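This report concerns only the one structure given below.
Number of protein chains: 4
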Amino acid sequence: MAGLLDPLFRSGPMCAVFADRARLQGMLDFEAALARAAARAGAIPQRAGPAIAASCRAELFDPVALARGTVLAGNPAAPMVQALTALVAKKNASAARYVHWGATSQDAIDTGAVLQLRAALDLIEADARRLAAALARSARKYRRTPMAGRTLLQQAVPITFGLKAAGALNALERSRARLRELRPRVLVIQFGGAAGTLASLGPRGLAVGQALAARLGLRQPAMPWHAHRDRVAEAATVLGLLTGTLGKIAKDIALLMQTEIGEAREPAAQGKGRSSAMPHKRNPVDAAIVLAAATKVPALVSVMLSAMTQEQERGLGNWQAEWETLPEICLLCGGALEHLAQALEGLEVDAQRMRANLDLTRGLILAEAVSSALAPELGRDTAHALVEQACRRALSEERPLRDVLAEEPKIERLLAPEQLDRLLDPVNYLGAAEKFVARVLAARAGRKK
Amino acid sequence: MAGLLDPLFRSGPMCAVFADRARLQGMLDFEAALARAAARAGAIPQRAGPAIAASCRAELFDPVALARGTVLAGNPAAPMVQALTALVAKKNASAARYVHWGATSQDAIDTGAVLQLRAALDLIEADARRLAAALARSARKYRRTPMAGRTLLQQAVPITFGLKAAGALNALERSRARLRELRPRVLVIQFGGAAGTLASLGPRGLAVGQALAARLGLRQPAMPWHAHRDRVAEAATVLGLLTGTLGKIAKDIALLMQTEIGEAREPAAQGKGRSSAMPHKRNPVDAAIVLAAATKVPALVSVMLSAMTQEQERGLGNWQAEWETLPEICLLCGGALEHLAQALEGLEVDAQRMRANLDLTRGLILAEAVSSALAPELGRDTAHALVEQACRRALSEERPLRDVLAEEPKIERLLAPEQLDRLLDPVNYLGAAEKFVARVLAARAGRKK
Amino acid sequence: MAGLLDPLFRSGPMCAVFADRARLQGMLDFEAALARAAARAGAIPQRAGPAIAASCRAELFDPVALARGTVLAGNPAAPMVQALTALVAKKNASAARYVHWGATSQDAIDTGAVLQLRAALDLIEADARRLAAALARSARKYRRTPMAGRTLLQQAVPITFGLKAAGALNALERSRARLRELRPRVLVIQFGGAAGTLASLGPRGLAVGQALAARLGLRQPAMPWHAHRDRVAEAATVLGLLTGTLGKIAKDIALLMQTEIGEAREPAAQGKGRSSAMPHKRNPVDAAIVLAAATKVPALVSVMLSAMTQEQERGLGNWQAEWETLPEICLLCGGALEHLAQALEGLEVDAQRMRANLDLTRGLILAEAVSSALAPELGRDTAHALVEQACRRALSEERPLRDVLAEEPKIERLLAPEQLDRLLDPVNYLGAAEKFVARVLAARAGRKK
Amino acid sequence: MAGLLDPLFRSGPMCAVFADRARLQGMLDFEAALARAAARAGAIPQRAGPAIAASCRAELFDPVALARGTVLAGNPAAPMVQALTALVAKKNASAARYVHWGATSQDAIDTGAVLQLRAALDLIEADARRLAAALARSARKYRRTPMAGRTLLQQAVPITFGLKAAGALNALERSRARLRELRPRVLVIQFGGAAGTLASLGPRGLAVGQALAARLGLRQPAMPWHAHRDRVAEAATVLGLLTGTLGKIAKDIALLMQTEIGEAREPAAQGKGRSSAMPHKRNPVDAAIVLAAATKVPALVSVMLSAMTQEQERGLGNWQAEWETLPEICLLCGGALEHLAQALEGLEVDAQRMRANLDLTRGLILAEAVSSALAPELGRDTAHALVEQACRRALSEERPLRDVLAEEPKIERLLAPEQLDRLLDPVNYLGAAEKFVARVLAARAGRKK
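Residue numbers (the working numbering), protein chains in the order written: chain A, 231 to 679; chain B, 231 to 679; chain C, 231 to 679; chain D, 231 to 679.
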């Protein structure tokens, strides 16, 4: 896990969850729980359970031999079962007969993957909580800090930085709700035997399954889901939605960090974002990593969806396509989340620069405020046209909009100079921004209770 | 909607939901509800509300002029607002001043799209219910009909056709649950004005929003979501998961329809699936359509996810990328669902052929039954090896597995001929199949209550 | 073609190429050419050729009936053949016997699609030439116009606008080269009969194919390619690469159009980019359209690639997935190209603003120039560290870099004030920019000869 | 490289090409060549060249420290340059001043990646040649071996296994041609300095670039291509097309391996494709691996295309998204190629079973032969209808088509019994199959000369 780019794109704990050894241990946890469950249900001798379980420790296995066996079998479970059987046999030949009892390779692989996924979801929830807290703090702190709202990359009307943070928080909370709803559907065992009937367990199949699920802390589904992959594909989509939201937040940060805008910056760290060629630069490193994830994950989600059309009782190629794809989605999403939480926790916000940028258009950004004020008298369209004309003049003559408007007789008649001043002050044109922030924070508080 | 391929890939009602006129009407429904809501909240004169609403009928608009205006404005709402204003002005010049009051183009476009989506979800739910009913009937009817379970396209052990149908039903019910959970998150208004503050409505913004939502039967979100697209992207993912499940079912049908397998067939219809070159063929038309959707939709979902990283307060290109993508996902998913419901309702199941195919391997398909029976005595591994050897001999000598097994002394000692016969009868090796079917049907019944 | 959003995302001529009628005519062109070719090769009676060809006109067909027949047959060729046969029979019963002689539905569908693709490639080449000419003009005109080079959205070192244009031109020329290389591989007939053997034509198959290809102006491939889809998938990838390049150029324009940067603007047009809420805005409409295409096309390309794993001699669902996907790629790429060519032909470049933005960092953007000048004496690392320190001081004290540098004894010793002034003038730090522009223009000229 | 799943999905040599150390060495090769080139061009002192180059060996670097530095810098080149400078300084302080002279991080990263890609393309070409040879042998050997052609998974008309192999070979040769055409566009240096002007090299930029390219055996492009990514994206698409073709071939093999078809099998190997539950099974392992790649690679290609819209002079997130994606495409494509070459080299073809399956429909598969023979007399449509009717009767009465046809007076009149027999023998209905095989082999031979 000491890869050159891993620490950049992925988090350490998540890498541990999806390391090869953890993948192996996931399958072994299945085998151990199965042995104990089968023993308890009377499907295998009582003492075979603990005897088998005792050998289900990843560190006892030779990874190179397993990898070689995987190539032959076409999956990593078959050589694991063989090796486990040999291990158990060394200590207890009769127990070795009952290794993997009633199960098929897919049962071990899928249940192991679900166990890894559970650990991954826990990590993601923890970092999402951290990010949500940082966003909530920003929403509250900057709820009255005006800045330019920008649509299609152009200044539109003023907003507040708190509103921007609240929008991000609100979206993040929706992702957290999806993650909660996902759990009962995906945190289930896979247990069906060769083709999903548990036939080799005779009448004890369901009882073994129930005990197996209980032992692993997973739910027992109505029936095996070998070739119906919506459960794991859903996990991919929910993480895809979360990654998309992270990408949106990161893009905003990167755009605000532009030299010409400079309204926010990722927190500084010794040497962070250093350019090898330009001594004065500080690059948006966290945002870049998050955006890289947001560029890659949607396609990986499409792989999981494409892979759903699995043949009959077990897929051919499409199931195998999942093995590294769902982990990679977790890794990239988790890495992006860690980077973004870090960036948001230390985000440097430049309220002065925000205010200065609001003045950049010499009042044009408040054109709507003026046309809205005129509309009840003149009608929305006429008011719009009149102000648009003034804007064009202000632009071409490089003068403040206020001065141009003041010269327009139709406007002079309707708006006194003080009114015009008030209309052209951004803090007077923030509408429901603060209320929206309060609603988002209240909704969040409600959910936390 | 008379496109050459539309009727093949899409359903008529869904095409109506996403026709250009319906898109326009969706935006007009927003404008009508906004006018009434603003009037009610006192944001515009009382009588302007109905005056504006009266003109909000798509048939009053010139589609060619709107299309031309759309190119200039870069979105379809701006020319719609202009045309609506002109229409209202013809009858009531003063009301015309209040058209689109407080809103921005995106408010009309997004809310209109949500209204279309609601209609689409209703259609999908109706067809999903139909498909679920057909699958439930099959699950019940064929719960004891044995057939070959196939993994990696090879015969594995027997299952029942009922179990296969139950697996599909169970997956479909999960998609229906997701569709229910999705609704409160996506069936919401979009209403924020120029940059999400509702500033031009002054203190009345939230009240207008509340009335607007009530009028449209949508929820009012905590705040506008202009550039946070997880709501609509989630709709795409949920439909993507459903399409994947449909594709899986269709692929099974197509595989069962193979000349060499022939266990099921799409219902016949006069001229259906006719080949222009081969008079004897009947092609799996419905399955092909569903699989085409399952090939396309995952990528369209990735577009919706990729498009989530929208810039600041309104996206540049990525928002526009959604406009035709989400409708297309609905259309393809809906078309696939209609085709598949039809196919399943009339599916021809050939239980005789299923039975015959079970005998194709001269007993090999029940090898696991024998090795399972031997395992308690011989150990799983030894039993497996012994039976594998017998299988290889049966294969090379083209003899029934039963005969080869009967010659093997170690087996003869443990299994009497009648036992061997019973072990090699597929109906005795169906494990929990029937119980699984019952569990799926019970879970479904529980949900229906 | 009168769709609400079509004129926004697609070009008129390209819509005509892919209209339903053109799709039908493509198949009919195949049938006409086949009839004449078969007659010429003696496979059918001499007079049947022109008799059949005479009815191969799309306007003679009932589109509604064809659409209905398409649903039954699962493809549009079968009902077309039926209808054509009936049409021919009205005038010449004996000729009607020879309609579609030796062919299968896929032959008509694929060859028709290739004919449409050829028309699409012609349109794309024409607009690509237009765009290339506009970029070449910009490259030449602005080859000495300095502006800030920006990496990771931050000012880095100066470049010229001509260099930026040349980079775009160079990439576009590579796409044009790919389009040329693609033609011989994709502009081929599809002709194999039921399963690719042309068996029903007996010994005349190849001769008919040769005459057919000659008539359509297509090449005859070594053998039919029914289920090998790399030819059409390659067309998708080449257009995908082109669309990516268009998206890159559009994103640069949109970024340069930002209120805070303002260095370039899409050409103005009456009402273009008008905001319904903000009178002063002019949105980057063309760039948004191009970026929407660049968001969608990559996923559509992945559909074409995913669809390549077609079953045996004809695909099941994956072939059908191509039918609307390749046209959509052409439409979106073509639309983006038209918008971008238009934008580039009238692009408003603000050289003054470019110069002003170069001064925004008070000299920081030329930090590298200084450290490069110091490096031979001090070593790259020491020079870098020294200048970085000065940059930080200039930033925190809000002073020009020049003044801070001048105070640094180590620097003062090595650089005279005039040297410092020269180093800090952007026009003196443009390196090979002009030479690069010349190389790109020369390469282009070389290719045009 | 000792990963659990790596040996399954990837080949050993390709893993070596893309190992972290190789990535580092790629960048170091750039630095070494740059130092020598700069020295030669007089940009840095003569002796600095070899002094720097001597330290450019990956084994001298601490991977953990590099990984840590990568997180801070946001890219792996910056810490590499720092570490290299320190290494050089230990031996030659003055040479250390000239490390990375004139270059930017992206120059090292991109050029290093191109060097890795060149090695990858060499490996792929070698395995593609191997696969092509195997396919050519099959095409020749089985050019007269009849089997059922299958369209939409149903038997259509006879083909030969040689024709199937020739189709695959022909597609593969097209991919090889694309790989050749790709090389001059992608095997180029990246060298532009901070923003693509080589400004810090003053007038020597181009000369250094030329020497650098010569040293690395790469071409010097007209200008740097920092943010124009079509070169590397094209590599992705070309490998995507190849992977699609591999997937198509693998799917055919898997379908032919079905228990009920059994016409071909992957070569046996001790323990290969062993099922943990079913002793009699031999799973299509190679095909599954290839199909897994064909499921994943299209989405990865879409990442490369999506990532093309890079901002200004260096991308933000999208460039970073390429770093692991292009290698992964090479790895998966290379792994699939190796598996498929192996499978094809040892493919077990069961010509007897092919013949037996042709008889499965009791003659229906030759229905077209009969209707083609009747068409000149009766007309295509009447003949088709007549034979279709006979087919239906043969099906429902479970009788040979021959017997039913013989009873039909209209047919009896036109076709003598011997004629009927000849028509219904598959070997007489293979059309141009053998000629097509010859054309494909000839085209290949022509190219090899």
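The beta carbon of each residue, even a glycine, is placed where N, CA and C say it ideally should be.
Treat the numbers as computed from the prediction; the structure is a model and nothing was measured.
{"Check": "Coil, strand or helix - V579(A) by DSSP", "Outcome": "strand"}
{"Check": "Range covered by the beta strand (DSSP E) that runs through R380(D)", "Outcome": "376-381"}
{"Check": "Against chain A: residues of the stretch 638-671 of chain B by CB proximity under 7 Å", "Outcome": "Y659, L660, G661, A662, A663, K665, F666, R669, V670"}
{"Check": "Any non-hydrogen atom of the ligand GTP closer than 6 Å to V667(D) Cβ", "Outcome": "Ligands are entirely absent from the displayed structure, and the ligand GTP is therefore not among its contents."}
{"Check": "Extent of the continuous alpha helix (DSSP H) to which P243(B) belongs", "Outcome": "242-247"}
{"Check": "L530(C): contacting residues in chain B (beta-carbon distance under 7 Å)", "Outcome": "A529"}
{"Check": "Bounding residues of the alpha helix (DSSP H) (the contiguous stretch that carries T525(C))", "Outcome": "515-536"}
{"Check": "V329(B), DSSP secondary structure in three states", "Outcome": "coil"}
{"Check": "W549(A) versus G233(D) - alpha carbon distance", "Outcome": "19 Å"}
{"Check": "CB contact below 7 Å: N513(C) versus chain A", "Outcome": "yes"}
{"Check": "Neighbour list for S324(D) in chain B, Cβ cutoff strictly below 7 Å", "Outcome": "Those within 7 Å of S324(D) in chain B number zero; the least Cβ separation is about 47 Å."}
{"Check": "Simplified DSSP state of T315(C), which is helix, strand or coil", "Outcome": "helix"}
{"Check": "DSSP state of R415(B) mapped onto helix, strand, coil", "Outcome": "helix"}
{"Check": "Within-7 Å CB hit, I491(D) to chain B", "Outcome": "yes"}
{"Check": "Min CB distance M584(D) to chain C below 7 Å", "Outcome": "no"}
{"Check": "Separation of L562(D) from F239(D), as counted between CA atoms", "Outcome": "6 Å"}
{"Check": "Assigned secondary structure, T390(D) (DSSP; H/G/I helix, E/B strand, else coil)", "Outcome": "strand"}
{"Check": "Identified DSSP bridge partners for R544(C)", "Outcome": "T381(D)"}
{"Check": "Inter-stretch contact (C-beta, 8 Å, three-pair minimum) for the stretch 330-349 of chain D and the stretch 551-565 of chain D", "Outcome": "yes"}
{"Check": "Span separating the alpha-carbon of G475(C) from that of R413(B)", "Outcome": "For clarity, residue 475(C) is Thr in the given sequence; the question names Gly instead. Computed Cα separation, rounded: 38 Å."}
{"Check": "is_contact[Q540(A), chain C] using C-beta, thresh 7 Å", "Outcome": "no"}
{"Check": "Meets three-Cβ-pair contact criterion under 8 Å: the stretch 578-589 of chain A and the stretch 262-269 of chain D", "Outcome": "no"}
{"Check": "Residue range of the alpha helix (DSSP H) that includes V195(D)", "Outcome": "Beyond the ends of chain D as shown, which are 231 and 679, falls residue 195(D); an answer cannot be given."}
{"Check": "Spatial distance of A599(C) from T381(C) (CA atoms)", "Outcome": "16 Å"}
{"Check": "Cβ-based neighbour list, R251(C), same chain, cut-off 8 Å, excluding 5 preceding and 5 following", "Outcome": "A288, E289, P293"}
{"Check": "Proximity to V663(C) [Cα-Cα], best of R669(D), R415(D), S430(D), T300(D)", "Outcome": "As written in the sequence, residue 663(C) is Ala, which differs from the Val given in the question. When only C-alpha atoms are compared, the closest one is S430(D)."}
{"Check": "Chain-ordered chain B contacts of A551(C) [CB-CB under 7 Å]", "Outcome": "A522, T525, K526"}
{"Check": "Simplified DSSP state of R449(C), which is helix, strand or coil", "Outcome": "strand"}
{"Check": "Three CB pairs or more closer than 8 Å across the stretch 510-524 of chain A and the stretch 533-547 of chain D", "Outcome": "yes"}
{"Check": "Contacts that D482(C) makes with chain D (C-beta to C-beta distance below 7 Å)", "Outcome": "Q542"}
{"Check": "Contact set between the stretch 405-431 of chain B and chain A, restricted to residues whose Cβ is under 9 Å from the partner", "Outcome": "S405, A407, R408, E411, R415, G422, G423, A424, A425, G426, T427, L428, A429, S430, L431"}
{"Check": "T315(C) versus E464(D), E638(D), A675(D), G609(D), residue with shortest Cα-Cα distance", "Outcome": "G609(D)"}
{"Check": "Residue nearest to A463(B) in terms of C-alpha spacing, selected from V462(A), V468(A), R461(A)", "Outcome": "V468(A)"}
{"Check": "Beta-carbon contacts of M231(D) that lie in its chain and below 8 Å, excluding the five residues immediately before and after", "Outcome": "With a pLDDT of 38 at M231(D), under the threshold of 50, the modelled position of that residue is not reliable, and no figure is offered here."}
{"Check": "Same chain only: Cβ atoms within 8 Å of G392(D), ignoring 5 sequence neighbours per side", "Outcome": "S368, A369, R370, K371, Y372, R373, R374, T375, A663, E664, V667"}
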